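Visitor:
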Amino acid sequence: DQLNNITQDLSDQAIQTKEHQTTIQNLTEEMTQKDTVITRVTTELRDCTSRTKLAEQQYDGLKETIRRLQTDNDALTKSNDELVSRLVSEKEKYMEEMMVVTNLCEEANKKIEMLKELQEQEKKRF
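Per this note's numbering: the sequence shown ends with 198, consecutive numbering throughout.
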């Protein structure tokens, strides 16, 4: 009877051992699959980190370019405003000078007309 119990215990232990081995094998396969997934995800993470770093560098470069362009634009706008102001001022001076010349011409023409009239009168007198 005791022998039967021992035999039954050994048989149960053999079955349990086989079940444990199957479980260990299944867990080992699962670990291998998970290691593969972890390796793939780690690689993807490195790639994403690298792309993020590159994007940040490009972003910083673009920010610097925008800053430089804004500075250039400000300088050009100031220069343009100064040029427009100078041109307006010069045109105003030119217009004033034209008015003076026009007035002088009108006065000269009046004097010429007066001299012609005097000359005509003198011709008639003699």
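From the three backbone atoms N, C-alpha and C, an ideal C-beta is built for every residue, glycine too.
Everything numeric in this text was worked out from a predicted model, so none of it was measured.
For D146, name the three-state secondary structure that DSSP assigns.
Guide: Here residue 146 refers to the residue found at position 74 of the sequence shown. Of the three classes helix, strand and coil, the one that applies to D146 here is helix, per DSSP.
Visitor: Using only the alpha-carbon positions, how far apart do I96 and K90 sit?
Guide: As a first step, residue 96 must be located in the sequence shown, where it is residue number 24. As a first step, residue 90 must be located in the sequence shown, where it is residue number 18. So the two alpha carbons sit approximately 10 Å from each other.
Visitor: Which of helix, strand or coil does DSSP assign to D81?
Guide: Here residue 81 refers to the residue found at position 9 when the sequence shown is read from its first residue. D81: helix per DSSP, three-state reduction.
Visitor: May I ask you to report which of helix, strand or coil DSSP gives D107?
Guide: Translated into the one-based positions of the sequence shown, residue 107 becomes position 35. In the displayed model, D107 falls within a helix according to three-state DSSP.
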